[in-house]
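Please read the structure below before turning to the comments.
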Amino acid sequence: MLNIRVGDTVAFRRRVTEKCDSELLMKFRGVVTGIAGDWLFIEEATGRTRVMPIDSMCRVAANGVLLELV
């Protein structure tokens, strides 16, 4: 499993976006600002902070590719 660290850009895992079938979830990107247990604090480009379970997110490479083990 790829470790998510503070400062990483993250997106929803493929299984989450397929389950919800939402274009907004597929396009979501955010930067991890904090980690508490199994929770990520993610700041969106708009400045809004969200708290998401770590197992629903994956890292995003600098070129935009999802770094997810499937």
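In the numbering used here, the protein residues as written are 1 to 70. Virtual Cβ for every residue (Gly too), placed ideally from N, Cα, C.
So what does residue i bridge to, in DSSP terms?
i: Thr9; result: Val31
Do you know whose CA, among the options, lies nearest residue i's CA?
i: Gly30; options: Asn3, Leu69, Met52; result: Met52
i: Arg59; options: Val16, Val32, Glu23; result: Val32
i: Asp38; options: Arg50, Arg48, Asp55, Glu23; result: Asp55
i: Leu69; options: Met57, Ser22, Thr49; result: Met57
i: Ala45; options: Arg5, Ala11, Ile4, Asn3; result: Ala11
i: Val65; options: Asn3, Val16, Thr9; result: Thr9
i: Arg50; options: Arg15, Asn63, Ala36; result: Ala36
Just checking my contact of residue i with residue j at CB under 8 Å: how many whole Å lie between their CB atoms?
i: Gly34; j: Phe41; result: 4 Å
Under a Cβ-count criterion, where at least 16 other Cβ atoms within 10 Å of its own Cβ denotes burial, should residue i be classed as buried or exposed?
i: Val6; result: exposed
i: Ala61; result: exposed
At what residues does the beta strand (DSSP E) containing residue i begin and finish?
i: Thr49; result: 49–53
i: Leu40; result: 39–43
i: Val60; result: 57–60
Between which two residues does the alpha helix (DSSP H) holding residue i run?
i: Val16; result: 14–20
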